[in-house]
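In my numbering, the protein residues as written are 352 to 693. Please read the structure below before turning to the comments.
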Amino acid sequence: MDKTSDISIVRNAAQSLLDCADDFFLMKQSVDALYNVFSRITGVSPAHIGTDKDIMLPSGKAISPSAAAHCLLEMKRTAVFLRGIHQAILQKIENNTSGPIHILYAGTGPYGTLVIPLLYLFTPDKIQVDLLDINPVSLEALRKLIDELQLNDYIGSVFCEDATTFTLSRHYDIAISETMLACLKSEPQVAVMQNIIPQLQPEAIFIPEEICIDAALTNPKMEQDRLLYYENEAPPFRRIALGNVFAVNKQNLDTDRMQKTIEIPDEKDFPVLKLFTTVKVFGSEQLSENDSSITLPVNFYDLRKQPTLHIAFWYVQGEKPHIESRVVCKPALYQTEIMNSL
Ligand SMILES: C[S@@+](CC[C@H](N)C(=O)[O-])C[C@H]1O[C@@H](n2cnc3c(N)ncnc32)[C@H](O)[C@@H]1O
Numbered sequence: 352m353d354k355t356s357d358i359s360i361v362r363n364a365a366q367s368l369l370d371c372a373d374d375f376f377l378m379k380q381s382v383d384a385l386y387n388v389f390s391r392i393t394g395v396s397p398a399h400i401g402t403d404k405d406i407m408l409p410s411g412k413a414i415s416p417s418a419a420a421h422c423l424l425e426m427k428r429t430a431v432f433l434r435g436i437h438q439a440i441l442q443k444i445e446n447n448t449s450g451p452i453h454i455l456y457a458g459t460g461p462y463g464t465l466v467i468p469l470l471y472l473f474t475p476d477k478i479q480v481d482l483l484d485i486n487p488v489s490l491e492a493l494r495k496l497i498d499e500l501q502l503n504d505y506i507g508s509v510f511c512e513d514a515t516t517f518t519l520s521r522h523y524d525i526a527i528s529e530t531m532l533a534c535l536k537s538e539p540q541v542a543v544m545q546n547i548i549p550q551l552q553p554e555a556i557f558i559p560e561e562i563c564i565d566a567a568l569t570n571p572k573m574e575q576d577r578l579l580y581y582e583n584e585a586p587p588f589r590r591i592a593l594g595n596v597f598a599v600n601k602q603n604l605d606t607d608r609m610q611k612t613i614e615i616p617d618e619k620d621f622p623v624l625k626l627f628t629t630v631k632v633f634g635s636e637q638l639s640e641n642d643s644s645i646t647l648p649v650n651f652y653d654l655r656k657q658p659t660l661h662i663a664f665w666y667v668q669g670e671k672p673h674i675e676s677r678v679v680c681k682p683a684l685y686q687t688e689i690m691n692s693l
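Okay, here's the thing in structure tokens:
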């Protein structure tokens with residue numbers, strides 16, 4: 352395959368992901384086309400998962416190059432991030448009268464999936480990107496990709512650094528990082544946001560703009576039926592919304608505020624408390640329930656164990672970030688407390 356045809360495959364796939372709305376056939380075709388080019392050039396593919404290594408950081412796990420490559424194939428995640436980032440770039444270019452806009456992409460993986468496909472839609476005098484990843488193998492693969500796809504004119508500095516401690520040495524209009532799992536478990540997304548956002552100018556855009564965790568009581572049969580039936584044939588479906596547990600965004604980066612106590616209503620038909628992750632990428636582009644692995648609902652607590660009065664949730668940071676809770680049960684003779692963690 353020659354360079355020119357690789358370049359046109361990447362350009363067409365990017366445009367198609369921006370334009371294809373919810374046409375999953377086109378979406379799949381486009382991420383597969385990107386994957387074929389990126390895996391062939393870099394030599395990194397999800398087939399190597401398990402043979403290369405994650406890096407364990409004090410703030411969470413930085414997943415291996417092959418696992419990071421696999422993220423590309425999560426088609427709706429990739430499409431929605433590319434659409435949000437494309438809109439953010441357009442907005443910044445429109446408001447910028449002098450020189451290119453500057454982007455920091457932290458946690459690139461070996462393919463730079465969330466930025467590389469978009470570059471052909473702009474010229475290097477409009478957009479300049481600095482790249483950062485903790486994993487040197489990923490960065491080496493990405494350099495190869497950038498060379499082969501003739502994208503060097505768009506790239507500024509390449510940092511092999513920890514995004515949770517990295518000091519920004521210049522102004523950025525946009526910073527991007529997707530280093531997360533559902534319920535903000537295991538990976539260092541929150542720590543990355545806590546480090547980078549305060550170093551940005553107030554008008555800079557951080558992507559994703561917000562990550563929300565919400566709670567609801569659910570009925571296991573209704574939840575199962577919902578996945579089994581077509582929407583118009585499904586039996587009645589209901590959940591008991593319990594509201595927002597916490598959100599992480601520009602205004603809320605303090606771990607002490609990532610907590611909430613939620614009263615549990617007496618709803619015997621809805622015994623399973625689930626947590627739902629929503630990722631607001633930019634503007635109206637967002638990922639919600641079941642759109643991707645990073646927004647999969649999580650069964651958090653089964654109230655059939657013991658009738659429950661309220662549950663206090665809080666977020667724990669460190670090597671294994673996770674949501675923890677204290678479940679306060681209804682007194683039979685005395686009130687009991689159960690610790691629960693995800
Ligand atoms: C979930 S993958 C995402 C890859 C790609 N950005 C995408 O969205 O398809 C996360 C990437 O971030 C990197 N990473 C995770 N934590 C990091 C940290 N603290 N500093 C720098 N890179 C980090 C990992 O090495 C991995 O390449």
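Built from N, CA and C at the ideal position, the CB exists for glycine as well. These numbers were taken from a predicted model, which means no experiment stands behind them.
Practice problem: Count the other C-beta atoms from every protein chain shown that fall within 10 angstroms of the C-beta of C534, then say buried if there are 16 or more, exposed otherwise. | Solution: buried
Practice problem: Grab me the residues of I452's own chain with a C-beta within less than 8 Å of its C-beta, minus the 5 sequence neighbours each way, in chain order. | Solution: I440, K443, I444, K477, I478, Q479, D524, I525
Self-check item: Check whether V388 and V361 have beta carbons under 8 Å apart
Solution: yes
Practice problem: Can you tell me which of the three DSSP states A663 falls into? | Solution: strand
Quiz prompt | Pairwise C-alpha distance: L532 and I689 | solution = 25 Å
Quiz item: Is it the case that the CB of N486 approaches a heavy atom of ligand 1 more closely than 7 Å?
Solution: yes
Quiz item: Looking only at DSSP bridge pairs, what is V599 linked to?
Solution: I562
Quiz item: Does the beta-carbon distance from G463 to V632 come in below 8 Å?
Solution: no
Quiz prompt | Proximity to S293 [Cα-Cα], best of C422, P587, N447 | solution = This structure cannot settle anything about residue 293, because the visible part of the chain is limited to 352 through 693.
Practice problem: List the whole-angstrom C-beta distance separating T646 from L638, where the pair is believed to meet the contact cut-off of C-beta under 8 Å. | Solution: 5 Å
Self-check item: Cβ contact (3+ pairs, closer than 8 Å) linking the segment 404-417 and the segment 538-552
Solution: yes
Quiz prompt | Cβ-Cβ distance between K368 and S356 below 8 Å | solution = According to the sequence provided, residue 368 is Leu. The question's Lys does not apply to it. Contact flag unset, no.
Self-check item: Opposing strand residues paired with A365 [DSSP bridges]
Solution: Bridge partners of A365: none, in fact.
Quiz item: Between E538 and ligand 1, is the CB less than 7 Å from at least one heavy atom?
Solution: yes
Quiz prompt | Nearest neighbour of P571, chosen from T659, F597, K619 [CA to CA] | solution = K619
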